[in-house]
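Enquirer: Let me give you the structure first, and then I'll get to my questions.
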Amino acid sequence: MNDLRLIREKPDVMRDALAKRQMDTAPVERILALDEERRAKLSELETFRAQRNAFSKEIGRQQDVSQRELMKNQVRVINIQIDSLETLVGELDAQLQEALYELPNIPDADVPVGKDDSENVVIKNVGALREFAFTPQPHYELGPKLGYLDFERGVKLAGTRFYVTSGPITKLQRGLIQWLLDHHIARGYREFGLPFMVKEEIMLGAGQLPKFRDNLYHDVERDAWFVPTAEVPLTGLHAGDILDGDQLTLNYTAYTPCFRKENLAAGKDTRGIKRGFQFDKVEMYKYCKPEDSEQELQNMLMDIEDILVQLKIPYRVKQLCTGDLGFGSAKTYDLEAWAPGIGEWLEVSSASNVREFQARRGNIRFRRERGAKPEFVHTLNGSGLGIPRTMIAIIENYQQEDDWIEVPKVLREYVKLDMIK
RNA sequence: GGAGGGGUCGCAUAGCCAGGUCUAGUGCGGCCGCCUGCUAAGCGGCUCUAGGGGGUUAUUCCUCUAGCGCGGGUUCAAAUCCCGCCCCCUCCGCCA
């Protein structure tokens, strides 16, 4: 959520941000109008309330019964005003909140301006693409051929976009998760075990609601929403907190399954394990001081790159342009791993500086020192990594000619296998 | 699922039965000052959050409103009375 005061005082900043994101600026005008009316009515309401408070106090002191009754009647009249103003202000408030919740974050000044993902900027390529002496197979052919990846049974169990892994592929996946977590822990991140469902207010705080309602799984009986990423509970951890300035930056990591209802056209971009309704992910998260968030984004990027370097998977780093930037993000880098079987660069990670956008929604603040005014923290999130796509990259890059897969060296002690066949 | 107890301004508590000097008291912690070889003790003052209005617009300031788990209700007036919900603790039942 953006700062209402900023919009009030410098509406052009917000208009400009929306324009750069290829979005309509009309919501800004609506917010300005609502805000002005709300403040006018609020002022009126508070004046009446002050009057009522004064009268009530006086009634308590007044001994004379008829005087008291006289004043009671005056307050009754005032209360009629208060009631209707309260209703009005409440409605204006709700509309204003809703409008603010729908407004995306303001892109950083150094984010390239562009209309959509075609204008994202590749800022580096790392690792040579492997030269194959044979035609590399896509994972969705090699996996089933080996008997360790089963799409039919996934559909049988849970419907489209689900799959089943088994044997060494499952083991590889488990080892990969373990290795990733250990990697982050070694670099100063604290691991969390988190609920895979959260309350609606936590979803709101993380910026998933109300905007992405259609993409979330929801238990209607219990106000429980399945997390679409560990970023959600990691943001919620400190909702409402006032953190100690000396404790920042907080570096967190967590493994969770992620549940996303993406209603894509059947067959479009859905082949294989790239886009399931459920997938595993190890997430990285930071809470930091505002002045540190840019550097922390770079730190996180290095932490993620180190994973791909160690796995020896060729990758490239893209900076997202304004037109492709996520709703809550001010600046994002995508890391794409090369998958030679399907011949695609796969987004295995996305690292974003969210600045105070989530902190404001979730009311997450810090004090620089005792007695200082609380300020909003900055939050950052990054995948480290998305598991299925990393599995694709491993399987396809490490496949060998007669249908077997080498296990990356760094994973061997975790997977307890050298090869999958 | 059942019975009982609880949720108050960082922490610990009082206030609730008997609605109004509650502008929520007290202790601890913390901040400022005084005193003081040093430290401690002692003494005095201060102490939360959000929002509106006014004055300056860099901060400070004045004033009002709201907040006692959350949401309703009664009343001129609610921490206090009533209803619903949430959470925590104890016991019972049930169940991995």
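Numbering (our numbering), first residue to last: 263 to 683. Ideal Cβ placement from N, Cα and C applies to all residues, glycine included. Just so it is clear, the structure is predicted and the values come from calculations on it, not from any experiment.
With DSSP as the reference, label T349 as helix, strand or coil.
Expert: DSSP places T349 in helix when its eight states are reduced to three.
Enquirer: Can you tell me whether DSSP reads A592 as helix, strand or coil?
Expert: A592: coil per DSSP, three-state reduction.
Enquirer: Let me know if E414 comes out buried or exposed under the rule of 16 or more other beta-carbons within 10 Å of its beta-carbon.
Expert: Under this definition E414 is an exposed residue.
Enquirer: Since G646 contacts V544 with CB under 8 Å, what's their CB separation in whole angstroms?
Expert: G646 to V544, Cβ: 5 Å. Contact.
Enquirer: Who pairs with M333 in a beta bridge, going by DSSP?
Expert: Paired residues: none, contrary to the question.
Enquirer: In its own chain, which residues sit with a C-beta less than 8 Å from the C-beta of T511, not counting the 5 before and 5 after it?
Expert: Once the five neighbours on either side are set aside, the close Cβ partners of T511 are K548, Y549, C550, K551, D554 and E558.
Enquirer: Please report the distance separating the alpha-carbon of I431 from that of M562.
Expert: Between I431 and M562, the C-alpha separation is close to 28 Å.
Enquirer: Helix, strand or coil, according to DSSP, for N513 in the structure here?
Expert: The answer is strand: DSSP assigns N513 an E or B state.
Enquirer: What is the residue span of the alpha helix (DSSP H) that T707 lies within?
Expert: Look at the range of the chain in this structure, 263 to 683, and you will see that residue 707 is not part of it.
Enquirer: With distances taken from CA atoms, which of K386, Q336, P369 and L296 is nearest G352?
Expert: It is L296 whose Cα lies nearest to the Cα of G352.
Enquirer: Tell me the start and end of each unbroken beta strand (DSSP E) in the region 519-585 that is at least 3 residues and wholly inside, in chain order.
Expert: Within the region 519-585, the complete beta strand (DSSP E) runs of at least 3 residues are 540-550 and 577-581.
Enquirer: Nearest by alpha-carbon distance to Q540: which of F458, L582 and L466 is it?
Expert: Of the candidates F458, L582 and L466, the one whose C-alpha sits nearest the C-alpha of Q540 is F458.
Enquirer: For my contact list, M546 and Y451 are in at a C-beta cut-off of 8 Å; report their separation, rounded to the angstrom.
Expert: That belief holds up - the Cβ atoms of M546 and Y451 are roughly 6 Å apart, short of 8 Å.
Enquirer: Is it true that the CB of E453 sits closer than 8 Å to the CB of L443?
Expert: Contact: yes.
Enquirer: Take F310 as the anchor and find which of N341, P472, S428 and P670 has the nearest alpha-carbon.
Expert: Nearest option by C-alpha distance: N341.
Enquirer: Between the C-alpha atoms of T397 and G603, what's the straight-line distance to the nearest angstrom?
Expert: Those two C-alpha atoms are separated by around 8 Å.
Enquirer: What does a CB cutoff of less than 8 Å around R627 pick up in its chain, not counting 5 residues either side in sequence?
Expert: D503, I504, L505, A621, P636, E637, F638 and V639.
Enquirer: Starting from S318, trace the alpha helix (DSSP H) in both directions and tell me its first and last residue.
Expert: Counting along the chain, the alpha helix (DSSP H) containing S318 begins and ends at A288 to R323.
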